[in-house]
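**Q**
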């Protein structure tokens, strides 16, 4: 179960990579990559590390092999590190897995605006795509308590 779970999380990042790849290609088509079209290019992927990032990288294996891109990994995702890169003019990160709010707060400052005409976002629920981000996954937080132990609540 763990392996399939981390692969599922990793698969969510494929959309971001395919979008980035599409923008890097001549005559791009979102969601598709031409054989060898990114040979000689490097993409740096940043995420939270551990088995989570291992799953993301595993999900990207076929894309990396087909496109010919060199995939570098970095992490963890730290907004202060991204800010230092932007302010120094030495940005090394290409695709960043982050919480949902930094791309809203820093859109056009630390996060580049996306050309959404090159990405098919029609399947993503309304209100979740921003000028600077496309969600990789959705999740919820559920709070529960024992009604026997906390009867007054």
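Residue numbers (the numbering used here): 24 to 176. Built from N, CA and C at the ideal position, the CB exists for glycine as well. As the structure is a prediction and not an experimental result, all values here were calculated from the model.
#1: With a cut-off of 8 Å, do at least 3 Cβ pairs link the region 77-86 to the region 97-107?
#2: Residue ranges of each beta strand (DSSP E) run of no fewer than 3 residues wholly in the region 90-136, ordered along the chain?
#3: Work out the CA separation of residue 123 and residue 145 for me, nearest whole Å.
#4: Whole angstroms is fine: what's the gap from residue 55's alpha carbon to residue 170's?
#5: Going by DSSP in three states, residue 66 sits in which element: helix, strand or coil?
#6: Looking only at its own chain, which residues have a Cβ that is under 7 Å from the Cβ of residue 148, when we skip the five neighbours before and after it?
#7: Provide the residue(s) that pair with residue 156 in DSSP beta bridges, ordered along the chain.
#8: Could you give the distance in angstroms between the alpha-carbon of residue 161 and the alpha-carbon of residue 154?
**A** Walking through what the data contain:
#1: no
#2: Within the region 90-136, the complete beta strand (DSSP E) segments at least 3 residues long are 93-97, listed from N- to C-terminus.
#3: 19 Å
#4: 51 Å
#5: Residue 66 falls in the strand class under three-state DSSP.
#6: none
#7: 153
#8: 18 Å
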